[in-house]
Amino acid sequence: MTVERIFAELGHFKRFQACLYFAAVFQAIACGIHYLASVFLVETPNFVCSVPNITDVLYGNLTGSSLEDILPVFKWGRGPLVVRTAEGEQWELSRCRCALRINPRHFTYDFDGNKTLRACDGNFAYDHTEVQQSIVTDWNLVCEREWLAKLCQPTFMLGVLVGALVFGDIADRLGRVRILMFTSLCQFGLGVSVAFSGNYYFFVVLRFLLAMVSSGYLVVVFVYVTEFTGIKVRTWTSMHVHAAFAVGVMIVALTGYLVRVWWIYQIILSMCTSPFLFFCWKFPETPFYLMAKGRYKDTQILLDAMARFNGLKYRLKVEDLLEPKDNGRVLLEEGEEQLLQSEKKLSILDLFGSWRMAGRTCTVWAIWFIGSLGYYVFSLGSVNLGGNQYINLFLAGAVEIPSYLVGCFAMDRIGRKKTCAPALLLAGVACMLIIVVPADNESLAIALSMTGKFAIAIAFGLIYLYTCELYPTIIRSLAVGSGSMMCRVGSVVAPFCVYLADVWVYLPQLIVGILAFIIGVLTFLLPETLGRPLTTTLEEAEALGRKPSEMNSDLGNKDAEDGLKMNQHEAKV
Numbered sequence: 001m002t003v004e005r006i007f008a009e010l011g012h013f014k015r016f017q018a019c020l021y022f023a024a025v026f027q028a029i030a031c032g033i034h035y036l037a038s039v040f041l042v043e044t045p046n047f048v049c050s051v052p053n054i055t056d057v058l059y060g061n062l063t064g065s066s067l068e069d070i071l072p073v074f075k076w077g078r079g080p081l082v083v084r085t086a087e088g089e090q091w092e093l094s095r096c097r098c099a100l101r102i103n104p105r106h107f108t109y110d111f112d113g114n115k116t117l118r119a120c121d122g123n124f125a126y127d128h129t130e131v132q133q134s135i136v137t138d139w140n141l142v143c144e145r146e147w148l149a150k151l152c153q154p155t156f157m158l159g160v161l162v163g164a165l166v167f168g169d170i171a172d173r174l175g176r177v178r179i180l181m182f183t184s185l186c187q188f189g190l191g192v193s194v195a196f197s198g199n200y201y202f203f204v205v206l207r208f209l210l211a212m213v214s215s216g217y218l219v220v221v222f223v224y225v226t227e228f229t230g231i232k233v234r235t236w237t238s239m240h241v242h243a244a245f246a247v248g249v250m251i252v253a254l255t256g257y258l259v260r261v262w263w264i265y266q267i268i269l270s271m272c273t274s275p276f277l278f279f280c281w282k283f284p285e286t287p288f289y290l291m292a293k294g295r296y297k298d299t300q301i302l303l304d305a306m307a308r309f310n311g312l313k314y315r316l317k318v319e320d321l322l323e324p325k326d327n328g329r330v331l332l333e334e335g336e337e338q339l340l341q342s343e344k345k346l347s348i349l350d351l352f353g354s355w356r357m358a359g360r361t362c363t364v365w366a367i368w369f370i371g372s373l374g375y376y377v378f379s380l381g382s383v384n385l386g387g388n389q390y391i392n393l394f395l396a397g398a399v400e401i402p403s404y405l406v407g408c409f410a411m412d413r414i415g416r417k418k419t420c421a422p423a424l425l426l427a428g429v430a431c432m433l434i435i436v437v438p439a440d441n442e443s444l445a446i447a448l449s450m451t452g453k454f455a456i457a458i459a460f461g462l463i464y465l466y467t468c469e470l471y472p473t474i475i476r477s478l479a480v481g482s483g484s485m486m487c488r489v490g491s492v493v494a495p496f497c498v499y500l501a502d503v504w505v506y507l508p509q510l511i512v513g514i515l516a517f518i519i520g521v522l523t524f525l526l527p528e529t530l531g532r533p534l535t536t537t538l539e540e541a542e543a544l545g546r547k548p549s550e551m552n553s554d555l556g557n558k559d560a561e562d563g564l565k566m567n568q569h570e571a572k573v
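Counting with the working numbering, you get residues 1 to 573 for the letters of the sequence shown.
Shown next, in the form of structure tokens:
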């Protein structure tokens with residue numbers, strides 16, 4: 001008997017598990033919120049250098065009495081704004097510099113005389129029609145300080161990387177519930193604190209800590225819901241944690257549209273999942289963790305509560321879940337090889353133990369990387385596609401929900417490989433088609449980008465389960481952990497990729513498309529795992545996808561080697 005018997009006896013997804021699942025996933029919405037909140041926190045509105053006491057403004061054929069009158073139609077790179085001050089000075093204002101006209105005769109837009117160039121010295125005027133207040137406008141993160149604004153999202157993603165490493169390990173030591181409670185409380189506290197940070201550097205530090213706890217919650221909640229749901233629904237429950245993340249993305253878009261002051265926007269986003277704090281302290285520890293730690297009395301209390309809440313009279317005893325210490329000499333002999341492998345100290349090099357496993361590992365890592373890179377490039381870059389940026393981001397979140405439904409259905413019907421590979425190929429083709437879209441056809445470009453996001457979300461959603469099935473028990477955690485590291489690397493690289501939109505608006509999507517297409521082709525080389533039992537040894541894992549003739553040949557070679565060793569041993573005796 002094993003702990004899995006709990007679900008066979010008490011239900012794979014009955015009332016008790018459903019209540020816990022939806023409550024835990026509700027807080028995962030906050031992770032999606034904080035991951036994408038920077039899209040509007042660091043939004044840069046139209047701006048120019050400013051000088052005091054402006055009385056008249058010229059821009060081509062347009063005239064006005066203040067910069068606020070002209071800034072909504074000002075286009076960077078199409079000439080400066082010409083202004084006249086109360087002192088009679090005439091200035092040509094650009095984004096990062098200004099020029100004082102020397103002895104102008106008339107107040108006209110064109111001027112052929114001498115000019116004196118000067119730096120802006122922190123004096124900027126911003127267009128507040130779309131963005132009333134962001135950290136860019138508050139702290140003048142433009143021109144030579146623009147890199148500080150662009151550093152916000154990469155430092156957040158670095159915090160995601162650190163948080164996944166720290167809290168994943170602590171959750172195995174202290175328990176899942178304690179980490180869920182701690183990270184949930186910190187998400188709320190740090191989220192609100194960001195709104196009152198006061199200066200850029202404090203803002204970045206608080207966002208880094210917020211990223212750590214958000215990542216920690218997201219990592220641990222996957223484990224929590226997996227250990228509370230039976231195998232029959234585990235694929236669906238784990239995949240749809242991503243759906244809650246997508247809801248968070250849509251909330252960011254809606255809040256960004258309604259609230260244009262960054263600190264109010266941040267407070268509202270941080271309050272969205274605050275009701276979770278009122279009942280998270282009632283969460284029970286998972287039966288897997290309790291049994292692993294030998295807390296059998298607590299396990300029995302949990303089993304009784306599950307049975308009572310699910311309306312079952314049958315009471316499962318914790319003794320029924322204990323595995324026998326000794327199953328006899330035959331079992332020992334049959335498991336001798338597995339025991340030796342499990343006692344061997346394993347390292348990441350064991351993922352590359354043979355050419356076959358090395359190729360598999362490189363492909364799996366590539367899928368993790370492109371899944372994360374593509375996901376965040378499509379999400380963060382959606383606001384650069386033209387049209388309404390709020391609708392674009394909302395759509396980027398909305399297309400994920402059907403993608404997970406399609407992914408769950410397809411991976412259980414046609415297989416993991418036949419779902420993952422076509423999804424990556426579709427993402428690649430959709431993104432590369434953007435290059436031939438006419439510049440004035442924004443709707444088609446947005447549609448292709450959303451198709452790419454839909455497809456990449458399918459691959460990103462199933463790679464966790466696929467990785468678990470591709471590797472044996474003795475290195476399964478190592479494989480998933482190393483894949484998750486590649487995922488975090490992709491998330492750190494993604495913001496820098498998005499900034500390439502300054503070179504060409506569709507360049508980030510094109511890069512993701514090319515990589516996705518190549519990796520999609522490589523995915524066809526992976527073995528199919530649908531309907532196959534989980535492997536326990538490296539030999540079993542390596543045999544996945546092999547033809548019976550190849551397996552028999554390898555088995556014959558192994559038997560020949562064993563026979564040769566036995567003969568040599570007998571000769572020595």
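The beta carbon of each residue, even a glycine, is placed where N, CA and C say it ideally should be.
Just so we're clear, the structure is a prediction, and the values are computed from it rather than from any experiment.
Separation of residue j from residue i, as counted between CA atoms
{"i": "Ile54", "j": "Arg97", "result": "17 Å"}
{"i": "Ile268", "j": "Lys150", "result": "23 Å"}
{"i": "Leu298", "j": "Val177", "result": "The residue you asked about is not Leu; residue 298 is Asp in the sequence shown. Using only the alpha carbons, I get a separation of about 14 Å."}
{"i": "Pro533", "j": "Trp504", "result": "47 Å"}
{"i": "Asn388", "j": "Arg413", "result": "38 Å"}
{"i": "Gly11", "j": "Gly230", "result": "7 Å"}
{"i": "Pro508", "j": "Val498", "result": "6 Å"}
{"i": "Val241", "j": "Met181", "result": "17 Å"}
{"i": "Phe7", "j": "Lys232", "result": "9 Å"}
{"i": "Asp110", "j": "Val82", "result": "9 Å"}
{"i": "Tyr471", "j": "Leu530", "result": "14 Å"}
{"i": "Gln187", "j": "Ser491", "result": "20 Å"}
{"i": "Ile135", "j": "Gly163", "result": "25 Å"}
{"i": "Trp262", "j": "Leu465", "result": "38 Å"}
{"i": "Ile474", "j": "Thr537", "result": "7 Å"}
{"i": "Pro45", "j": "Trp147", "result": "16 Å"}
{"i": "Ile367", "j": "Leu58", "result": "53 Å"}
{"i": "Ala37", "j": "Phe156", "result": "11 Å"}
{"i": "Val25", "j": "Asp502", "result": "36 Å"}
{"i": "Leu385", "j": "Ser214", "result": "28 Å"}
{"i": "Phe74", "j": "Ser65", "result": "15 Å"}
{"i": "Ala516", "j": "Leu174", "result": "39 Å"}
{"i": "Gly545", "j": "Ser372", "result": "27 Å"}
{"i": "Thr129", "j": "Pro72", "result": "7 Å"}
{"i": "Val512", "j": "Leu303", "result": "47 Å"}
{"i": "Leu332", "j": "Asp172", "result": "Confidence at Leu332 is low in this model, with a pLDDT of 41, below 50, so the placement of that residue is unreliable and no value is reported for it."}
{"i": "Gly461", "j": "Leu67", "result": "48 Å"}
{"i": "Leu206", "j": "Pro438", "result": "42 Å"}
{"i": "Ala195", "j": "Gln133", "result": "12 Å"}
Residue i - DSSP class collapsed to helix/strand/coil
{"i": "Trp368", "result": "helix"}
{"i": "Glu469", "result": "helix"}
{"i": "Cys98", "result": "strand"}
{"i": "Glu319", "result": "helix"}
{"i": "Val261", "result": "strand"}
{"i": "Thr116", "result": "strand"}
{"i": "Leu385", "result": "coil"}
{"i": "Glu89", "result": "coil"}
{"i": "Phe111", "result": "coil"}
{"i": "Ala125", "result": "strand"}
{"i": "Tyr105", "result": "Checking the displayed sequence, the identity of residue 105 turns out to be Arg instead of Tyr. Three-state result, Arg105: coil."}
{"i": "Cys487", "result": "helix"}
{"i": "Phe182", "result": "helix"}
{"i": "Phe309", "result": "helix"}
{"i": "Thr286", "result": "coil"}
{"i": "Thr273", "result": "coil"}
Closer than 8 Å to chain C by CB, residue i
{"i": "Gly428", "result": "Among the chains of the structure shown, chain C does not appear; only one protein chain is present."}
Minimum C-alpha distance to residue i - residue among the options
{"i": "Val220", "options": "Val166, Leu190, Val261", "result": "Val166"}
{"i": "Lys418", "options": "Ala439, Ile435, Ile458", "result": "Ile458"}
{"i": "Arg118", "options": "Gly294, Ala99, Arg260", "result": "Ala99"}
{"i": "Leu21", "options": "Gln153, Val259, Phe47, Glu285", "result": "Reading off the sequence shown, one finds Tyr at residue 21, where the question assumed Leu. Among Gln153, Val259, Phe47, Glu285, the Cα nearest to that of Tyr21 is on Glu285."}
{"i": "Tyr126", "options": "Met450, Trp91, Arg95, Leu462", "result": "Arg95"}
{"i": "Ile519", "options": "Leu349, Gly374, Ile70", "result": "Gly374"}
At 4 residues or longer, what runs of the alpha helix (DSSP H) sit wholly inside the segment 127 to 151? 135 to 139, 146 to 150
Whole alpha helix (DSSP H) elements within the segment 17 to 86, 4-residue minimum: 38 to 41, 67 to 70
Entirely within the segment 506 to 553 and at least 3 residues each: give me those beta strand (DSSP E) ranges in chain order. none
Should the segment 23 to 34 be called in touch with the segment 268 to 281, which here means at least 3 C-beta pairs below 8 Å? yes
Per the contact definition of three or more C-beta pairs closer than 8 Å, is the segment 392 to 399 in contact with the segment 420 to 435? no
My parser needs the alpha helix (DSSP H) runs of 4 or more residues fully inside the segment 392 to 446; what are they? 400 to 413, 417 to 432
Taking 8 Å as the threshold, find out whether the segment 246 to 257 comes into contact with the segment 126 to 146 through three or more Cβ pairs. no
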